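Okay, so here's the structure we're looking at.
There are 2 protein chains.
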Amino acid sequence: MAASVSLSSGKVPNSEVQQEVKLLNGVYDNYGGVVVQMTEPMDSKLFASLLQSSLSHWKQEGKKGVWIKLPIGLVDLVEVAVKEGFWYHHAEPTYLMLIYWIPGGAHTLPANASHRVGIGAFVMNQKREVLVVQENSGRFRGKGIWKFPTGVVDQGEDICEAAVREVKEETSIDAEFVEVLAFRQSHQSFFEKSDLFFVCMLRPLSFNIQKQENEIEAAQWMPLEEYMVQPFVQKEGLLKYMIDICLAKIEGSYSGFSPVPTTSIFSDQKHYLYLNAADLKHSNI
Amino acid sequence: MAASVSLSSGKVPNSEVQQEVKLLNGVYDNYGGVVVQMTEPMDSKLFASLLQSSLSHWKQEGKKGVWIKLPIGLVDLVEVAVKEGFWYHHAEPTYLMLIYWIPGGAHTLPANASHRVGIGAFVMNQKREVLVVQENSGRFRGKGIWKFPTGVVDQGEDICEAAVREVKEETSIDAEFVEVLAFRQSHQSFFEKSDLFFVCMLRPLSFNIQKQENEIEAAQWMPLEEYMVQPFVQKEGLLKYMIDICLAKIEGSYSGFSPVPTTSIFSDQKHYLYLNAADLKHSNI
């Protein structure tokens, strides 16, 4: 995608004598779309006029979706784009992405990100004690409930990294990632968005707890049985199952999904594939 | 959260003689925040003035985060909010959510949704043939590559439902969900967003293929060995692993995660927990 926008000239073939008109600088994508990334301020009337002539030009070229990325500093152009028929696709702190569908009718543009991703960490020492915390904000504040460390996976962060980071941040315990034991998908968890919550098993590498000052009220190693009998743990669907899974894991009869680095021919980045490595190892293929 | 916004009166205690001022109607959340949902048009100067007095009031009350939800019809108010120091949190086609952090400095507000979720479907019949398609748009267009049906999980849709829906849409084959065989997390896959891709196994319930007109170039039942030897499948990291997993699955030596409905004391909705049900069944707990 282009990193800047500038005016460009386009041949508009809708008159017998072709005339040069100024257009917004759009980059064509692989899906018949045009991506415009605005970077410099522009008079809103000029922007409106360029947008109209550009849409007309792209329509003649058979283009379908038009994307306009407006940095928050160009907030005065948002209303112009909406008045031309654009609507919101997604927003991040520093920009707003607007879209327009030239063919009209139902569009086939990709949807916005739909899920937030969280982790919970099952960390047990040799004495069959689990690492638990009490939170001092949110729904668990002041309830006296001991729970596994949990947290949100940052944008661009791997699930296995996030689990290690959250345990370290909340309790200062160093731990290594073992596997994903289970995951839960829930909806309407944060405004209209859905949530994927991965329960991860980690092996502790250090044992002296130092709780985080801001978010954590208390942290300790707690006998698993003591954690299990908490009324909240007994009542909450996910946690009831997690007890069975953790017990099965302790006796060595449960395999979760462990991360395997893979590469893709479409990307330079390493991706983690999470799979049942134990079963794969024991298969005859 | 309130479904509407109206003017409300608040006591402002910063003068010796308390005076009534008009405030935006905000609902307080559990995290020291205020949520304002605008629904009716408002003069932008009045909005600016109300926003200023409201922020001043909420600051005195010790509030931290302020959320303003602006429907796209009120796009003229976006610039006002940004000029008062608000920035974008997220956007959907019909609205923009703006936030403000009263204490200043680094905020602790929850991040926007970070992941898109996709599925790939491994569907095999009794003749050891897999259901494959060729796509007629995107990166696979015109490449002659046969691939498992894939698709994006809609907002609010369960992974297991999405897999069944995509198979039906692309090929008209009815199938029932068996389990998640593996999943991959990748980053920077769609603008700055990450991607979680779940490879699912489905059992076919019907066998006559009728391909979707718009997105699918061709669809067929293909001998697994023929699918496997495609150069693209041999080269792509995820797919190489998937061959091993599918072969292990066929010989009965691989367990994925299957969905179990659970409930939460925090929600009326049913959630699916995905876990290794086979191992759990065979454990001694």
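For the record, the sequence lines run as chains Y and A.
full-length UniProt numbering numbers the first residue of the first sequence as 1 and each following residue consecutively.
full-length UniProt numbering numbers the first residue of the second sequence as 1 and each following residue consecutively.
Each residue gets a CB set at the ideal place from its N, CA and C atoms; glycine is no exception.
Small disclaimer: the values here were computed from a predicted structure and weren't measured.
- Per the C-alpha coordinates, the member of A:D195, A:Y100, A:Q185 and A:E40 positioned closest to W58 (chain A) is A:Y100.
- Residues of chain Y with a Cβ closer than 7 Å to the Cβ of K235 (chain A) are, in chain order, I265.
- One alpha carbon belongs to E157 (chain Y), the other to F266 (chain Y), and they sit about 19 Å apart.
- With a threshold of 7 Å between beta carbons, K147 (chain A) makes no contact with chain Y.
- The beta carbon of L205 (chain A) lies closer than 7 Å to those of D174, A175 and E176 in the same chain, with the five residues before and after it left out.
- Within chain Y, the residues placing a beta-carbon under 7 Å from that of H187 (chain A) are G156 and Q269, ordered along the chain.
- Relative to S194 (chain A), the option among A:P231, A:N112 and A:M38 whose CA is nearest is A:N112.
- Every unbroken stretch of the alpha helix (DSSP H) spanning 4 or more residues and falling wholly within the region 160-231 of chain A is given here in chain order: 224-228.
- Rounded to whole angstroms, the gap between the alpha carbons of D43 (chain Y) and K147 (chain Y) is 55 Å.
- Around the beta carbon of G142 (chain Y), a 10 Å sphere encloses fewer than 16 other beta carbons of the protein chains shown; the residue is thus reported as exposed.
- Judged by DSSP secondary structure, A91 (chain A) falls within the beta strand (DSSP E) whose first and last residues are W87 to E92.
- Contact check for V180 (chain Y) against F198 (chain Y) passes: the beta carbons are separated by less than 7 Å.
- For R184 (chain A), the neighbours in chain Y by C-beta distance under 8 Å run, in chain order, T262, H271, Y272, L273 and Y274.
- Annotation: the region 53-123 of chain Y contains the following complete segments of the alpha helix (DSSP H) (minimum length 4 residues), in chain order: 78-83.
- Its Cα nearest to that of L224 (chain Y), the residue Y:K127 stands out among Y:H115, Y:F86, Y:K127 and Y:T94.
- Secondary structure note for G33 (chain Y): it is in no alpha helix (DSSP H), with a DSSP letter that is neither H nor E.
- Taken through DSSP and simplified to helix, strand or coil, Q155 (chain Y) comes out as coil.
- Any Cβ of chain A closer than 7 Å to the Cβ of V229 (chain Y) would place that residue at the interface, and such an atom is absent.
- The three-state reading of DSSP puts K147 (chain Y) in strand, counting E and B together.
- Residue state for S283 (chain A) is assigned as coil, using DSSP reduced to three classes.
- Apart from the 5 residues on each side of it in sequence, T262 (chain Y) sits with its Cβ closer than 6 Å to the Cβ of H271 and L273 in its chain, given in chain order.
- For Y274 (chain Y), there is no enclosing alpha helix (DSSP H); the residue is found in the beta strand (DSSP E) stretching over S267 to L275.
- Chain A has a Cβ within less than 7 Å of the Cβ of E79 (chain Y).
- The Cβ of A91 (chain A) sits closer than 7 Å to at least one Cβ of chain Y.
- For V233 (chain A), the CB contacts under 6 Å within the same chain, skipping 5 residues up- and downstream, are L239 in chain order.
- The distance from the Cβ of V133 (chain A) to that of P110 (chain A) is about 38 Å, inconsistent with a contact at the 8 Å cut-off.
- In this structure I216 (chain Y) is in contact with E170 (chain Y), their Cβ atoms being roughly 5 Å apart against a cut-off of 8 Å.
- For G237 (chain A), the uninterrupted alpha helix (DSSP H) run begins and ends at G237 to I250, by DSSP.
- Distances from the CA of Y241 (chain A) to each of Y:S255, Y:L275 and Y:K249 were compared; the closest alpha carbon is that of Y:L275.
- In the three-state reduction of the DSSP assignment, K45 (chain Y) falls in the helix class.
- Going by C-alpha positions, D76 (chain Y) is about 14 Å away from M97 (chain Y).
- Per the DSSP secondary-structure output, E40 (chain Y) pairs with nothing in a beta bridge.
- For S264 (chain Y), the uninterrupted beta strand (DSSP E) segment begins and ends at S258 to S264.
- Taking 7 Å as the cut-off, the beta carbon of A277 (chain A) is found no closer than this to the beta carbon of L280 (chain Y).
- Restricting attention to A:Y254, A:S54 and A:C246, the CA atom closest to the CA of V27 (chain A) is found in A:S54.
- Distance from the Cα of L74 (chain A) is smallest, within the candidate group A:N125, A:E40, A:H282 and A:G33, for A:E40.
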